[in-house]
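Which chain is which? The protein sequence lines are S and L, in order. Taken in order, the first sequence gives residues 1 to 319; the numbers are from UniProt numbering. Taken in order, the second sequence gives residues 1 to 319; the numbers are from UniProt numbering. Structure record follows, encoded as structure tokens.
There are 2 protein chains.
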Amino acid sequence: MANIRDLARMAGVSVSTVSRVLNNHPYVSEEKRTAVLQAIEKSSYHKNINAVNLSRGKTMLMGVVVPYSDHPYFSLMIKGIAKLALDHNYKLVLIQTDYREDRELEALEMLREKQIDSLIICSRTCSMDIVREYAGYGHIVLCENNNDEAVSVTYVNHYRAFYRALTYLYQNGHVKIGYCIGRKTGVNSLQRQAAYRDFVSKYNLGFNEDYIIGDCLYFEDGEKVVNKLREMASPPTALLVTSDQVAAGIVTCCQKLDIAIPGELAIIGFDNQPIAKMMDITTVKIPIEEMGSNLFLQAFNGDKSRKEMQVRLIERGTV
Amino acid sequence: MANIRDLARMAGVSVSTVSRVLNNHPYVSEEKRTAVLQAIEKSSYHKNINAVNLSRGKTMLMGVVVPYSDHPYFSLMIKGIAKLALDHNYKLVLIQTDYREDRELEALEMLREKQIDSLIICSRTCSMDIVREYAGYGHIVLCENNNDEAVSVTYVNHYRAFYRALTYLYQNGHVKIGYCIGRKTGVNSLQRQAAYRDFVSKYNLGFNEDYIIGDCLYFEDGEKVVNKLREMASPPTALLVTSDQVAAGIVTCCQKLDIAIPGELAIIGFDNQPIAKMMDITTVKIPIEEMGSNLFLQAFNGDKSRKEMQVRLIERGTV
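So, in structure tokens, the structure goes:
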């Protein structure tokens, strides 16, 4: 369906002129008004889009499920999705779940109710059994390494990325290594935990539950992490921190407490957000915005596909 | 209209059970299936929501216009809107404009096309003439100090907040004061500029165009600001920085260059984001999330209202 920009292009006038004509605004030259009305005629521009949607079974709306819309990782992913959505005249319906299954189910229900054409789940909570049941109603795209044929996926091999980063710390002389993560469940987190278990057993470092610190999402969580380390009899000398925000919080907190980095504590962040560059934090670069764009294209095109995004370690001053 | 959570509550079963029944999943006890079907019967739960919307003229969708969805200020505002949207069974349609008028007009068009019930414009680009033309199609809520009777507004008195912060810097001995801002146009920015002009003329400090630095939005822009100051023959000794992110970027950059804060450069940020607390940055606290929640309620309730949010200076170590 033509949108206001298409009409402006067809009529050779500005979008605000189209808007004035659509709203029967008096101050429009007869010539321009006629041009716009002809464009509307040509493009069969409708007044009630729900009628259009009902007739053509399309809403031009795409659902996007995120646990937290204000987390830099997800807001950057949304940015990548939003950019392409705009190019393709799609609008995004944002569903913030806080990782609650019922909220994610509401998003899936929107697909079944044809309120959206497709659904991107940036971080999944529902079981694949449930997701699969909804795949028939519209395209579902996940951001995880998942082989289910019912969905398309864009993912990072978190097992390999984590294992490499751990090995890098080991090569730098660390044998007491821990990691900070958002939630401990979830496909990506479980792949990271598997990499950690395989790593410590390969080098006989011993598995220490205390070295895995959960609920690390925001800058301010860095302080919590540092306090936990200080309570440990034998704290880790190095940390993988799955968010640059949290890594930055840890570095800032250590500076205040005169804890030497990397001397007393080595840090590897994830994402390569601007704050990591500014604060000279060694990090694993993840192309979050590009992942968002690819998620959109998979949801838009609809043919099932799997896309692995490449990551790389960026060596800076915190190891 | 009942949603999946309502059905679960009515039937006294879990949301996933409701989902299984809706999808004719085999593994559901006859008893539970009957309970869910009765709930669906009672609540007249429809299969195609577009048909429902067409019949009742409601979409349960609310539009949210933001220039950048990944900016911490707007993503926190979206969080505040999203929280209440969920409580009221509303979904949000996110429209990212990059401050382009045609994109904002598309959002307004969605209102006219009844694709959304109401529209929140977190930062406006279109003229009020245009906004007013669309106010008849649904509630429009703005986040600016605006007396237009066609819309509801939630706002901060940026003139007063800016004037107070400038006075605070003056009382601390600064006479060469500049400020960093996102875009120089826009209601909020113009009110801040007015406060700045009135302030410098009251204290005969002289108006210096170079002291107003635009396009300051993200952490990484802090470096750009510091480089600009270093090029000036007579740089300001104090800056108001309208985003804590940028303020944090400036502080981080100054630490790297051994520029003493507040000795050589005093900084006042805005928002009171967690990073400001962690980095001990003096800032003007703005209740962004609460503003988002109030924007939602105004769009939801629909009766025209004006709500001023209170701000306050938080004294820390950068002045």
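Here a beta-carbon is modelled for each residue, glycine too, at the ideal position from N, C-alpha and C.
Identity of the residues DSSP links to residue i by a beta bridge
i, result
"residue 284 of chain L", "L:270 and L:313"
"residue 142 of chain S", "S:121 and S:153"
"residue 275 of chain L", "Residue 275 of chain L is not bridged to any residue."
"residue 306 of chain S", "S:153"
"residue 321 of chain S", "Shown here, chain S extends from 1 to 319; a query on residue 321 of chain S therefore has no answer."
Cross-chain neighbours of residue i in chain A, by beta carbon under 7 Å
i, result
"residue 274 of chain S", "In summary, chain A is missing from the structure at hand, where the protein chains are S and L."
Straight-line gap, residue i to residue j (C-alpha atoms, nearest Å)
i, j, result
"residue 121 of chain S", "residue 65 of chain S", "5 Å"
"residue 92 of chain L", "residue 249 of chain L", "31 Å"
"residue 153 of chain S", "residue 102 of chain L", "32 Å"
"residue 311 of chain L", "residue 286 of chain L", "5 Å"
"residue 226 of chain L", "residue 257 of chain L", "10 Å"
"residue 205 of chain S", "residue 21 of chain L", "49 Å"
"residue 80 of chain S", "residue 31 of chain L", "46 Å"
"residue 18 of chain L", "residue 10 of chain L", "10 Å"
"residue 275 of chain L", "residue 216 of chain L", "17 Å"
"residue 157 of chain S", "residue 99 of chain S", "22 Å"
"residue 151 of chain L", "residue 42 of chain S", "34 Å"
"residue 290 of chain L", "residue 94 of chain L", "19 Å"
"residue 178 of chain S", "residue 213 of chain S", "8 Å"
"residue 267 of chain S", "residue 306 of chain S", "32 Å"
"residue 272 of chain L", "residue 244 of chain L", "7 Å"
"residue 194 of chain S", "residue 269 of chain S", "19 Å"
"residue 83 of chain S", "residue 292 of chain S", "9 Å"
"residue 302 of chain L", "residue 112 of chain L", "16 Å"
"residue 1 of chain S", "residue 16 of chain S", "Reliability fails at residue 1 of chain S, whose pLDDT of 49 lies under 50, so the model's placement of it is uncertain and no value is given."
"residue 29 of chain L", "residue 13 of chain L", "11 Å"
"residue 71 of chain S", "residue 86 of chain L", "18 Å"
"residue 147 of chain L", "residue 188 of chain L", "13 Å"
"residue 168 of chain L", "residue 234 of chain L", "21 Å"
"residue 74 of chain S", "residue 110 of chain S", "21 Å"
"residue 115 of chain S", "residue 228 of chain S", "46 Å"
"residue 62 of chain S", "residue 104 of chain L", "18 Å"
"residue 192 of chain S", "residue 263 of chain S", "25 Å"
"residue 241 of chain L", "residue 200 of chain S", "46 Å"
"residue 238 of chain L", "residue 261 of chain L", "10 Å"
"residue 119 of chain L", "residue 143 of chain L", "11 Å"
"residue 316 of chain S", "residue 280 of chain S", "6 Å"
"residue 182 of chain L", "residue 89 of chain S", "27 Å"
"residue 27 of chain S", "residue 186 of chain L", "25 Å"
"residue 69 of chain L", "residue 254 of chain S", "31 Å"
"residue 207 of chain L", "residue 232 of chain L", "15 Å"
"residue 35 of chain S", "residue 294 of chain L", "41 Å"
Residue nearest to residue i in terms of C-alpha spacing, selected from the options
i, options, result
"residue 209 of chain S", "S:180, S:230, S:30 and S:248", "S:180"
"residue 130 of chain S", "S:117, S:265 and S:106", "S:106"
"residue 314 of chain L", "L:177, L:60 and L:165", "L:165"
"residue 282 of chain L", "L:318, L:147 and L:251", "L:318"
"residue 278 of chain L", "S:167, S:304, S:34 and S:222", "S:222"
"residue 6 of chain L", "L:25, L:26, L:23 and L:37", "L:37"
"residue 8 of chain S", "S:233, S:26 and S:40", "S:40"
"residue 67 of chain L", "L:304, L:61, L:26 and L:96", "L:96"
"residue 149 of chain S", "S:134, S:202 and S:242", "S:134"
"residue 330 of chain S", "L:230, L:108, L:90 and L:78", "Because chain S in this structure spans residues 1 to 319, residue 330 of chain S falls outside the shown range and cannot be described."
"residue 163 of chain L", "L:263, L:60 and L:284", "L:284"
"residue 77 of chain L", "L:316, L:288 and L:294", "L:288"
"residue 252 of chain L", "L:224, L:232, L:236 and L:231", "L:224"
"residue 236 of chain L", "L:89, L:255, L:211 and L:159", "L:211"
"residue 117 of chain L", "L:60, L:34 and L:294", "L:60"
"residue 145 of chain S", "S:265, S:190 and S:207", "S:190"
"residue 198 of chain L", "L:220, L:24, L:219 and L:160", "L:160"
"residue 308 of chain S", "S:196, S:218 and S:155", "S:155"
(request) Assess, as a yes-or-no matter, whether the stretch 126-137 of chain L is touched by the stretch 169-186 of chain L under the definition of 3 or more beta carbon pairs within less than 8 Å. (result) No, because fewer than three Cβ pairs between the stretch 169-186 of chain L and the stretch 126-137 of chain L fall closer than 8 Å, the two stretches do not touch.
(message) Ignoring anything shorter than 4 residues, give me the alpha helix (DSSP H) runs that lie fully in the stretch 30-118 of chain S, in order along the chain.
(response) Segments of the alpha helix (DSSP H) lying fully in the stretch 30-118 of chain S: 30-43, 49-56, 72-87 and 101-112.
(message) Quick check on the DSSP output: what are the complete beta strand (DSSP E) runs of length 3 or more inside the stretch 222-262 of chain L, in order along the chain?
(response) DSSP runs (the beta strand (DSSP E)) wholly in the stretch 222-262 of chain L: 238-241.
(request) Can you check the stretch 156-211 of chain S for any alpha helix (DSSP H) of at least 4 residues that lies completely inside it and give the ranges in chain order? (result) Within the stretch 156-211 of chain S, the complete alpha helix (DSSP H) runs of at least 4 residues are 158-171 and 187-202.
(message) Under 8 Å, with one C-beta from each stretch per pair, do the stretch 132-150 of chain S and the stretch 292-308 of chain S reach the 3-pair mark?
(response) At 8 Å Cβ cutoff, the stretches touch.
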